[in-house]
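By the count of the numbering used here, the sequence shown reaches residue 731 at its end, each step adding exactly one.
Input: a single structure, listed below in structure tokens.
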Amino acid sequence: MSHLRLILHTLVLILFIASCSPAVQQAVTPAEPAAAEAVESESDRLNRWLDETYEEYLQMSPVQLTMLGRKDQYDKIDDYSEEAEERELQWRAETVQEMEELFDYEKLDPEAKLSWDLWAYQYEVAKAGAEFMRHHYQFEQMWSRHTVLPNFLINMHRVDEASDVEAYISRIEGISRALHQMIERSRLQAEEGIRPPKFALETVITQSRALISGVPFEGEGDSPLLADIDAKIDSLHSSGTISESEADAFRASAVEALLTHFQPAYQELITWIESELKKAEEKPTGVSRHTNGDAFYNYMLRYYTTTDLTADEIHNIGLAEVERIHEQMHEIIEEVGFEGSLQDFFEFISTDEQFFYPNTDEGREAYLEDSRRFLDGITEQLPEYFGILPKADLVVRRVEAFREVDGAPQHYQPGTPDGSRPGTYYAHLSDMSSMPKSVMEAIAYHEGNPGHHMQISIAQELESVPQFRTQERSTVYTEGWALYAEKLAREMGGYENPYSEFGRLVSEIWRAIRLVVDTGLHAKGWTEEDAFNYMNENSSIAEGAIRAEVRRYMVIPGQATAYKIGMIKIEELRAHAEEQLGNRFDIRAFHDTILGSGSLPLHLLEQEVNRWIESQLAS
Numbered sequence: 113m114s115h116l117r118l119i120l121h122t123l124v125l126i127l128f129i130a131s132c133s134p135a136v137q138q139a140v141t142p143a144e145p146a147a148a149e150a151v152e153s154e155s156d157r158l159n160r161w162l163d164e165t166y167e168e169y170l171q172m173s174p175v176q177l178t179m180l181g182r183k184d185q186y187d188k189i190d191d192y193s194e195e196a197e198e199r200e201l202q203w204r205a206e207t208v209q210e211m212e213e214l215f216d217y218e219k220l221d222p223e224a225k226l227s228w229d230l231w232a233y234q235y236e237v238a239k240a241g242a243e244f245m246r247h248h249y250q251f252e253q254m255w256s257r258h259t260v261l262p263n264f265l266i267n268m269h270r271v272d273e274a275s276d277v278e279a280y281i282s283r284i285e286g287i288s289r290a291l292h293q294m295i296e297r298s299r300l301q302a303e304e305g306i307r308p309p310k311f312a313l314e315t316v317i318t319q320s321r322a323l324i325s326g327v328p329f330e331g332e333g334d335s336p337l338l339a340d341i342d343a344k345i346d347s348l349h350s351s352g353t354i355s356e357s358e359a360d361a362f363r364a365s366a367v368e369a370l371l372t373h374f375q376p377a378y379q380e381l382i383t384w385i386e387s388e389l390k391k392a393e394e395k396p397t398g399v400s401r402h403t404n405g406d407a408f409y410n411y412m413l414r415y416y417t418t419t420d421l422t423a424d425e426i427h428n429i430g431l432a433e434v435e436r437i438h439e440q441m442h443e444i445i446e447e448v449g450f451e452g453s454l455q456d457f458f459e460f461i462s463t464d465e466q467f468f469y470p471n472t473d474e475g476r477e478a479y480l481e482d483s484r485r486f487l488d489g490i491t492e493q494l495p496e497y498f499g500i501l502p503k504a505d506l507v508v509r510r511v512e513a514f515r516e517v518d519g520a521p522q523h524y525q526p527g528t529p530d531g532s533r534p535g536t537y538y539a540h541l542s543d544m545s546s547m548p549k550s551v552m553e554a555i556a557y558h559e560g561n562p563g564h565h566m567q568i569s570i571a572q573e574l575e576s577v578p579q580f581r582t583q584e585r586s587t588v589y590t591e592g593w594a595l596y597a598e599k600l601a602r603e604m605g606g607y608e609n610p611y612s613e614f615g616r617l618v619s620e621i622w623r624a625i626r627l628v629v630d631t632g633l634h635a636k637g638w639t640e641e642d643a644f645n646y647m648n649e650n651s652s653i654a655e656g657a658i659r660a661e662v663r664r665y666m667v668i669p670g671q672a673t674a675y676k677i678g679m680i681k682i683e684e685l686r687a688h689a690e691e692q693l694g695n696r697f698d699i700r701a702f703h704d705t706i707l708g709s710g711s712l713p714l715h716l717l718e719q720e721v722n723r724w725i726e727s728q729l730a731s
């Protein structure tokens, strides 16, 4: 929570006491200040303990430390073995037990209770998921560590001095060790009959070959990691930090690490995946095809939505939302004077040249520039809708070539809490026919401001909550907020073009469709083609993007449901606050309440909003 909100809650408490009846005021005794001090002491003690305990957690993850802009264990990569995962769960269990032994929950202030509840909740969710350790695919085309870790080195491993180059080279070897661990885990999965779909394995092979193509391997041009470390070494040499002979020695060491460790590890991965291709299913359904798959999917729904909604309930919510949004789409079709059905309009907006940039480097740069322009315009309006504003910068970039996938969704990469690395909105631009102009504005607001960049930056910049809360990433909250932000941008002056407003609805219905398709795939026996056809019939999303989306849902079960479920809850909370507060409702204060405590599971977010409403009614 920000200092502003701490002060606000204190003032509300003072005003509430002042408004009590004389009889209640007379009941105040000299012992009360001491009691208040005891409450404050217990809360402060818990906060210090949480920070110390979270530091223990961070020291288990050198990668996370680097993502935070720190250089502790800068030469290491995390341990991704099953044993490490089991140790972390045991550690979490011990911390919750210790917390319960050391602190009295009833003596905590509301904010400290929220921290307690969140810490305990994280353990309970992790404990519930322990039995499904081998159900998560180790290798898939979206977020697998075989591409995440090289991208991490390129974009997050900062080189400021000679020791940072040594750490980088050490991490090349660390990635290779991590890859061996993941291959071993993949073998254990396969023994239990759990394999990703064939399309995922084929993409993993393509991505892996791209990482070991070029100098010092086979092919022309520098490979991605060599190009990156060469540039970082050159920068040190140009600044006079290292000599030419030192630069040459570092380059030689980097080449040796790539040839001795990196290439063999990725070649082993390619060989392993090629052997698995023969056993992978060409036309699989979702994870229900695996042993205990239904229970795994139910867990994933709980994990990603933080609710107890069943697959059937989520499926039906999706169907109702699709129907509602279709009605709004018809209104825009009438507004622009289009003659034809909704399907005809889908075809028009998905194929007409006016809605696409050229599939050239100039077209790609125009996409990035226009995205920046949209974001600049909405950023100017932020003070009218938010009291708390992010300090971190935002940049818009194209995804690196080695991990770019035609039609894959844009995404956001957080910056560091200290602002040394900005937040980044990444766009896949290899196939511009999958990137229509009509939806780009909504996507920019989702990934940038007032969406992910704003929410995550504000969370990381909070100073009055334990650090673990500044780094919490509850998907239903973060993605629910970003989807709410797309719609909020309309209130803030976005979508002046009706086609862009239609694109916003396309973006929203896309998330509503996910509720139908994700549950269809994983709980109702849908095939990839069933899901593709449903999305194609109910939206104007480009076919390439639909294919990439469906394949994403198939390898990351449940995640796609979080967006709309989170948005619906935030809208419900806003409607409730508006109803309860009437003309006392302040949109800036409401948004500060949503963003000012960090990322929360929905039941704790609702608790915070209700606490804010009560404080406003009491003032």
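Don't be surprised by glycine CBs; every beta carbon is placed ideally from N, CA and C.
Here the structure is a predicted model, which means the values were calculated and not measured.
Ser357 sits in a helix when the DSSP states are folded into three classes. Residue ranges of uninterrupted alpha helix (DSSP H) with 4 or more members, entirely inside the segment 400-426 and ordered along the chain, are 405-417. Looking at the DSSP output, Val508 sits in a beta bridge with Tyr537. Here the C-alpha atom of Glu474 lies approximately 28 Å from the C-alpha atom of Ser320. Phe374 places its beta carbon 8 Å or farther from that of Ser298. Excluding sequence positions up to five before and after Pro713, its CB lies within less than 8 Å of the CB of Leu230, Tyr233, Thr418, Ser586, Val588 and Tyr589, all in the same chain and listed in chain order.
By the criterion of at least three beta-carbon pairs nearer than 8 Å, the segment 539-551 is not in contact with the segment 490-497.
Within the same chain, and ignoring the five residues on either side of Gln671 in sequence, the residues whose Cβ sits closer than 7 Å to its Cβ are Tyr416 and Thr587. Counting every other CB atom within 10 Å of its CB across the protein chains shown gives His427 a total of 16 or more, marking it as buried. Distance from the Cα of Gly430 is smallest, within the candidate group Arg485, Gly678 and Leu265, for Gly678.
Taking a cut-off of 8 Å for Cβ pairs, the segment 646-665 and the segment 619-631 touch, as three or more such pairs fall below it.
For Gly326, the uninterrupted beta strand (DSSP E) run begins and ends at Ser325 to Val327, by DSSP. Nearest in C-alpha terms to Glu447, of all of Ile341, Tyr611, Phe580 and Lys391, is Tyr611. Excluding five sequence positions before and after Ala657, the CB atoms of its chain that fall closer than 7 Å to its own CB belong to Gly519 and Ser546, given in chain order. In the three-state DSSP reduction, His258 falls in the helix class (H, G or I). One Cα belongs to Arg436, the other to Gln692, and the distance between them is close to 26 Å. Non-local beta-carbon contacts of Leu177 in its own chain, meaning distances under 7 Å to residues more than five positions away in sequence, involve Leu170, Asp184 and Gln185 in chain order. If you draw a straight line from the Cα of Arg401 to the Cα of Glu330, it comes to about 40 Å.
Exposure of Gly449 is indicated by the presence of fewer than 16 other C-beta atoms within 10 angstroms of its C-beta. Between Ser569 and Ala643 the beta-carbon gap is near 34 Å, outside 8 Å, which marks them as no contact. The residues Ala571, Glu584, Arg585, Ser586, Tyr589 and Thr590, in chain order, have a CB closer than 7 Å to that of Ser711 in the same chain once the five nearest residues on each side in sequence are set aside. If you check the CB distance, Glu640 and Lys390 do not come in under 8 Å. Minimum Cα-Cα distance from Leu729 among the listed residues Gln440, Ala689, Thr318 and Leu717 corresponds to Ala689. Close CB contacts of Asn410 within its chain, under the 8 Å cut and outside five residues either way in sequence, are with Thr422 and Ala423 (chain order). Gln579 is the residue among Tyr524, Pro562 and Gln579 whose C-alpha sits nearest the C-alpha of Trp228. Taking all protein chains in view, the Cβ of Glu212 is surrounded by fewer than 16 other Cβ atoms within 10 Å, so the residue is classified as exposed.
Under the criterion of beta carbons closer than 8 Å, Leu480 and Leu506 do not qualify as touching, at roughly 13 Å. For Ile444, the closest of Glu358, Arg616 and Asp530 by C-alpha to C-alpha distance is Arg616.
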